[in-house]
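Laid out in structure tokens, this is it:
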């Protein structure tokens, strides 16, 4: 009985992960390009870019606008399988603690909402290893302000705080020169479909909304509820970005 229950829980967990990945891939707020335009030097072009924790490809493709070619490194098979193809982007299995690239092979490294999860002791040596002389390192993230949305929907998707820090950066790292560190808030127009995808793109919210609305036709039911709320045509978003350049170091 216990083995059967564990197998069922394992299948449910895998199904949740697949569903969440589908919603994550279906819509991400179009903020990557906006943040890059604010954070990077104007008219700057790079030969090779690296996006660590590239997920379903949105951040890697945004980086491709500034590079001749981009590597998107992502540990999740589900995310990579859902990644959008792009002629300049090659997706690789891997993570920041062991980057699957040669020494001095990239000109810019970006972390789009991934630094918090891979901020491990081996990350900095790996950055120093793969980044070319005076290469750029950019960490950025955004926080969709969903509490007003959930209140307006009279839905509960309670999640325990996991201590996630959207503003995590490299400002204490000695080998990097700080260029800019910023935090701003913007408003984004959004449709019922898009907001539904955002709400369901988190494992915690997905599970909570299944409890509230039921698993069957979850997306359609949530979309109908949102469509009936006149006030839900835009959402507030906090954006965070910090840009650095590798110091002039003969060991790099």
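In UniProt numbering, the protein residues as written are 1 to 252. Glycine included, each C-beta is placed from N, C-alpha and C at the ideal position.
Go ahead and label residue i buried or exposed: buried means 16 or more other beta carbons lie within 10 angstroms of its beta carbon, across all protein chains shown.
i, result
"residue 164", "exposed"
"residue 243", "buried"
"residue 145", "exposed"
"residue 91", "buried"
"residue 5", "Interpretation of residue 5 is limited by its pLDDT of 33, a score under 50 that renders its predicted location unreliable; the figure taken from the coordinates is listed afterwards. Residue 5 comes out exposed."
"residue 113", "buried"
"residue 133", "exposed"
"residue 248", "exposed"
"residue 54", "buried"
For the alpha helix (DSSP H) that contains residue i, what are its first and last residues?
i, result
"residue 107", "Element bounds for residue 107: not the alpha helix (DSSP H) but the beta strand (DSSP E), 106-112."
"residue 167", "Here residue 167 belongs to no alpha helix (DSSP H), and DSSP marks it neither H nor E."
"residue 117", "115-118"
"residue 80", "77-82"
"residue 39", "32-39"
The beta strand (DSSP E) spanning residue i covers which residue range?
i, result
"residue 139", "131-144"
"residue 46", "46-52"
"residue 93", "89-93"
"residue 71", "67-74"
Since residue i sits in a beta bridge, which residues does DSSP pair it with?
i, result
"residue 241", "140, 182"
"residue 236", "187"
"residue 246", "176"
"residue 256", "There is simply no residue 256 to check, as the chain begins at 1 and stops at 252 in what is shown."
Measuring CA to CA, which of the options is closest to residue i?
i, options, result
"residue 186", "21, 217, 35, 17", "35"
"residue 29", "62, 115, 50, 44", "62"
"residue 25", "235, 79, 173", "79"
"residue 43", "65, 23, 20", "65"
"residue 111", "176, 239, 96, 83", "96"
"residue 19", "235, 240, 209, 241", "209"
Got a sec? Which residues, its chain only, sit under 7 Å from residue i by beta carbon, not counting five neighbours each side?
i, result
"residue 232", "149, 152, 195, 226"
"residue 105", "48, 130"
Tell me which same chain residues have a C-beta within less than 6 Å of the C-beta of residue i, skipping the five on either side of it?
i, result
"residue 136", "108, 245"
"residue 192", "223, 226, 227"
"residue 69", "48, 88"
Is there a Cβ from chain C that is less than 7 Å from the Cβ of residue i?
i, result
"residue 130", "No chain C is present in this structure, which holds just one protein chain."
Excluding the 5 residues flanking residue i on each side, which residues of the same chain have their C-beta closer than 8 Å to its C-beta?
i, result
"residue 17", "78, 203"
"residue 237", "29, 31, 142, 143, 144, 145, 185, 186, 187, 188"
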